[in-house]
Amino acid sequence: MVEDKYIARVPPEMLGEDYDVAVREVTKRSLEGRLVDVINEKTSQNEGKYLVISVLYTESIGEGTIVHGDGGVYQEVKYRALVYYPEMQEIVDGEVVSVQKFGAFIKFSSFEGLLHISQIMDDRIDIDLENKRFIGKETKRDLKVGDRVRVRIVAMNLASSSISDSKIGFTMKQVGLGKLDWLAKEASQ
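The opening position of the sequence shown corresponds to residue 235 in my numbering, with each subsequent residue numbered one higher.
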């Protein structure tokens, strides 16, 4: 949960509605599903980037401002939101969404990251691009599109406000990580 401020532009076509409802709708539409920088009010320090899952509360601060040549109203808003921030070394469950010759793309939450081929398993790997899978030469374990996996975040760059521009790297080469089917089989032995 995080509290922060935002300047919402309420378009002219929404000014005939209940103003507080319009401000809330614009704030939700603008922030939900995006990465935002959160600044600590007391220290003015950037606390990092967070993915806004849901805006739970909004409160207008003061009067809105009208800019010459723009029919919208710019309103400062204090909001409280449910957020998620992936952290380095965090273990997450995800799904393989794409297989390339250099590795697999894993989707978790709203993020997607790369599991490099060298980080899949402690085995030499054959690549079967036709069937979109990796196969361990000795273990015969395979990893393919649609598989559920448990991975650790080992590299991360959330430099922009767009989730699609974010870069996240994973590993599965540690105890307790891997394809969930492999982990279940190991636990039953």
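All C-beta atoms, glycine included, are put in the ideal place defined by N, C-alpha and C.
*asked:* If you follow the alpha helix (DSSP H) that D415 is in, where does it begin and where does it stop?
replied: L414 to S422
*Thinking R384 and T405 are a contact (beta carbons under 8 Å), I'd like their distance in whole angstroms, please.*
The pair is not a contact, with the Cβ atoms about 11 Å apart (cut-off 8 Å).
*Hey, out of K366, E346, F345 and F336, whose CA is closest to Q353's CA?*
F336
*Going by C-alpha distance, which of V286, E324 and V270 is nearest N280?*
V270
_Neighbourhood of D357 by C-beta, 8 Å cutoff - its chain only, sequence neighbours within 5 removed_ = G370, K371, E372, T373 and R375
*What residues are listed by DSSP as bridge partners for I361?*
F368
*Rounded Cβ spacing between L392 and S398 (contact assumed at less than 8 Å)*: Their Cβ separation, rounded to whole angstroms, is 12 Å, which puts L392 and S398 out of contact at 8 Å.
*Can you check the segment 256 to 302 for any beta strand (DSSP E) of at least 3 residues that lies completely inside it and give the ranges in chain order?*
269 to 273 and 280 to 294
*From E329 to W416, what does the alpha carbon distance come to, in whole angstroms?*
14 Å
*Who does E247 pair with in a DSSP beta bridge?*
Note: E247 sits in no beta bridge, so no partner.
*Would you kindly report the start and end of the unbroken beta strand (DSSP E) that includes L316?*
V307 to Y318
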